[in-house]
Structures are given as C-alpha cells and as structure tokens.
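Participant:
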Amino acid sequence: MATVVILGAGYSGIGIAHRLLKYTLPKVTDLKVILVSLSTHHFWNLGSVRRVIPGEVRDDQIFREIAPGFEQYPKDAFEFVVGVATGFDVAGNRAQVNVGDETRDIEYSHLVVATGASYPTKMPFTTIGPHEEMLDTWRQLQAKVVQAESIVVSGAGPTGIETAAELASHFGSSKSITVILEGENPLRGFMPQVGKIAANDLAGFGAKLVRNARAVNSTKTDSGRTVVELSNGSNLEADLYLPLYGSRPNTQFVPPHLLDDRGNLKLETNLRVQGLHNVWGVGDVGNLESKQLIYAERQALHLGSNLHAALTGGNVKPLPSTVTPQVFVTLGKHKGTGQYGWFRVPGFGITNTKGKDFFMSKGDGLIAGKNIVRSPI
53 MATVVILGAG
63 YSGIGIAHRL
73 LKYTLPKVTD
83 LKVILVSLST
93 HHFWNLGSVR
103 RVIPGEVRDD
113 QIFREIAPGF
123 EQYPKDAFEF
133 VVGVATGFDV
143 AGNRAQVNVG
153 DETRDIEYSH
163 LVVATGASYP
173 TKMPFTTIGP
183 HEEMLDTWRQ
193 LQAKVVQAES
203 IVVSGAGPTG
213 IETAAELASH
223 FGSSKSITVI
233 LEGENPLRGF
243 MPQVGKIAAN
253 DLAGFGAKLV
263 RNARAVNSTK
273 TDSGRTVVEL
283 SNGSNLEADL
293 YLPLYGSRPN
303 TQFVPPHLLD
313 DRGNLKLETN
323 LRVQGLHNVW
333 GVGDVGNLES
343 KQLIYAERQA
353 LHLGSNLHAA
363 LTGGNVKPLP
373 STVTPQVFVT
383 LGKHKGTGQY
393 GWFRVPGFGI
403 TNTKGKDFFM
413 SKGDGLIAGK
423 NIVRSPI
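Using our numbering, read the sequence shown as starting at 53 and increasing by one per residue.
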C-alpha cells in the first residue's frame, strides 16, 4: 500500500489530499491518504482581518467542517485524523500524532508537512487549536473589540495593516486606533507608493500612525489595559493590543537538522525536503517563497502533481518561477493597495475582488475538492 500522510489541513493540505484522491487514486489503486488536522473545521483565515468586526463575518462563512468533503471517495482510501503532529522519523518513515490522550505512530510512503504558520502570541488569525477553542477565542476577541475605547495594532505587514484598516474604517472616531510602523510607512519590501497609499488611507480613516518604532514588550496593568513598550523608548497604553507580527512556521515537531535558522523547512525547488526523497513541504512552513496564500496555493497544486509523478513513476519537476513580488492589501471595504511585479495595483482592482469577501465564498469549493482559492483542483 502507498500511504501519503499530510500534516495540516489548511488550504494546501486539503487541496493536495483532494488532488491525490481525484487523479492519483485511479492509477494507484492501493493509495491511502491520511490527512491530519488540528481541528475538525477549516478556518478561512484570509477573512480573519474582517472578522475582528463583530457581525461582519458569520461562523459558517469562515469555518467549514472538513470531513464531509471527503465522503465522495472510497472509505479505505482516506482517513481524517484530528490530532497534533509531534514528530516524525525519517529513517523509519513514521509520523507521530497526538490524538486525545494517545500517540499514534503512522507509517508513510510519503509525508507532506503543511502545518502553516502562527503568531507566538496565539492570535486566532490562524488555526491555533480545536474548533470550539477557536470559536471561544474569537468570541472573546470580538467582545474586547466592542468594549475597547482604544486599540493598538502592531505589525506593518498585510495582516496588521488590513486589520487596522478594518477597525479604523468601521469605527472611525468612536474608537482610538493606533498602528505601530517599523518604518516610515507600512508594507516594507514593496514599492514605496504601495506603503504610502496604505498610510494615507489609514490616516484618512482617523488612525494614528506611530512611525519608525517597534513593539519590544507588552505588560498588563491592574485595570486590564495593556502597556506597549516601543523601541524608541516611549510607551503606548490601550484597552486592547493586537500584536500581528512575527509569524513563525509551525515546525516545532520537525527534526532540527531539516530547518533553517528561522525554523523554515529547507526545501529543494521541487518541494522535497533537502536530503530526503519522500518528505515534502508546502506553503508557510517552507523557505522557497514569501509566506502568502497566493504562493501556497500554487505550491499545493505543483506538489500534488509531483506526488502524482512520484507515485506513478513520472518525473518530479521544479516549481516554475512566477511574478514577484505580489501583494494585494485591502484597506477596509472600499480601498486597497497592492503590487504585481513592478506594477502598482489600483485600489479598485483589489476591492472588486479580494475586498468583497476575502474569497470566503470559495470555501465550499475547497472542502468539496473543486478549488483551493481561485485555482481549480
């Protein structure tokens, strides 16, 4: 039997599982796909920046049960395991997964690491635990947003800026929204005009921008407020603090020699882990491309093809090059800024696509195996 174990049931993990079962199973009839997930439900985290506003995003828009999407396949060809990956043995081809109070030792022919990334502060903008824990954490966060008169957002990348823009554009002057920027403008690493537009729109919504500073520490006061210490020596105090920076790959269970100094899986261009023929990485855990869904989606499709080739005796191919950089940042519901290669993307090009619903309407298709986000499976 050929067994492919996929650790992580995000966009990439679900997409690869469907691709194998749709296209590879008919050719490799003894194939079994085992999908390991932290939660029973997929979390469409792209929409998390709008979900901070209570009432904007329903539970059923952003959370979808995973298992029903795989009922279309033969029962002996697929297994869904709700658990936490704790390690794997590359010599013995076995992965360890905590399921409840027990540890399962799962043998694999091929192993895919697709566990994504998360914030060290456990912000629920990625899957951080079981479904009920995610629901509870989000309810608590939304309640804090409602109650807060002042909110500080730290993180000048796409997630931090999109979140700050949703808050500032929705609440306006009724709440004090402050954004900490490490540079003069947000979205460093992209053309200057992209960041300038974001800064101007945030200011236009009434947000306060603290430029050329980083959050270095935060402490709770006796009254429940948060004091944020900045690299410039000053402090900010707020009712609610959202630290949306420092996302790290979820690779704590991976043997250290397979990781670079930032905790990323060291990958070959064909998405194999360096030095191994049957362990693969995809998406935010890897070191090949920026940690953005647009890259994870294309990697998942390519890895599905490479696994098919490896299982059927075909040729494994390197990941084709693509246009870089790419970024599409919403600034509330009606504004945006972005870059595609060396061209700036106008705001209407973002608000008319991503800005409508963060592609959450594609979620049913992902679960059913029709698409990942915008690309068909």
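Just so you know, even glycine gets a beta-carbon here, dropped at the ideal spot from N, CA and C.
What separation, rounded to the nearest whole angstrom, lies between the Cα atoms of residue 198 and residue 289?
Facilitator: Approximately 17 Å, taken between the alpha carbons.
Participant: Have a look at residue 146 and residue 330 and give me their C-alpha separation to the nearest angstrom.
Facilitator: One C-alpha to the other measures close to 11 Å.
Participant: Flag residue 253 as yes when its Cβ comes closer than 7 Å to any non-hydrogen atom of the ligand MG, and as no otherwise.
Facilitator: Here there are no bound small molecules, and the ligand MG is not part of this structure.
Participant: Report yes if the C-beta distance between residue 322 and residue 377 is below 8 Å; otherwise report no.
Facilitator: Against a cut-off of 8 Å, the Cβ pair of residue 377 and residue 322 comes out as no contact.
Participant: Would you list the one or two residues that DSSP bridges to residue 324?
Facilitator: In DSSP, residue 324 forms a bridge with 332.
Participant: Name, in chain order, the residues that DSSP records as bridge partners for residue 293.
Facilitator: Answer by DSSP bridge pairing, in chain order: 204.
Participant: Could you pull out every unbroken beta strand (DSSP E) segment of at least 3 residues lying fully inside the region 360-387, listed in chain order?
Facilitator: DSSP runs (the beta strand (DSSP E)) wholly in the region 360-387: 378-382.
Participant: Whole angstroms are fine: how far does the CA of residue 157 sit from the CA of residue 405?
Facilitator: So the two alpha carbons sit approximately 43 Å from each other.
Participant: When DSSP builds the beta bridges, which residues end up paired with residue 140?
Facilitator: Residue 140 is bridged to 147.
Participant: By DSSP, does residue 256 sit in helix, in strand, or in coil?
Facilitator: Of the three classes helix, strand and coil, the one that applies to residue 256 here is helix, per DSSP.
Participant: Do residue 339 and residue 312 have their C-beta atoms within less than 8 Å of each other?
Facilitator: Cβ atoms of residue 339 and residue 312: closer than 8 Å.
Participant: Within a Cβ cutoff of 7 Å, which residues of the same chain sit near residue 444, ignoring the five residues on either side of it in sequence?
Facilitator: An answer regarding residue 444 cannot be provided, because it is not within the stretch 53 to 429 covered by the chain.
Participant: What are the partner residues of residue 95, as DSSP defines its beta bridges?
Facilitator: Partner(s): 115.
Participant: Could you round the C-beta distance between residue 237 and residue 244 to whole angstroms and report it? I think they count as a contact, below 8 Å.
Facilitator: Confirmed, Cβ separation roughly 7 Å.
Participant: Starting from residue 402, follow the alpha helix (DSSP H) in both directions and report where the run begins and ends.
Facilitator: Per DSSP, residue 402 belongs to the alpha helix (DSSP H) from 399-403.
Participant: Quick one: what's got a C-beta closer than 7 Å to residue 75's C-beta in the same chain, skipping five residues either side?
Facilitator: The answer, listed in chain order, is 360.
Participant: For residue 394, count neighbouring Cβ atoms within 10 angstroms of its own Cβ and tell me buried if that reaches 16, exposed if not.
Facilitator: Under this definition residue 394 is an exposed residue.
Participant: Suppose the cutoff is 7 Å on Cβ atoms and the five residues either side in sequence are ignored; what does the same chain contact list for residue 127 look like?
Facilitator: There are no such residues.
Participant: Measuring straight from C-alpha to C-alpha, what distance separates residue 104 and residue 161?
Facilitator: One C-alpha to the other measures close to 41 Å.
Participant: Quick one: is residue 124 buried, meaning 16 or more other Cβ sit within 10 Å of its Cβ, or exposed?
Facilitator: Residue 124 is exposed by the Cβ-count criterion.
Participant: Looking at C-alpha atoms only, which residue of 165, 229, 207 and 429 is the closest neighbour of residue 304?
Facilitator: Per the Cα distances, 165.
Participant: Does DSSP put residue 189 in a helix, a strand or coil?
Facilitator: It is helical.
Participant: Mapping the DSSP letters down to three states, classify residue 269 as helix, strand or coil.
Facilitator: Here residue 269 sits in strand by DSSP.
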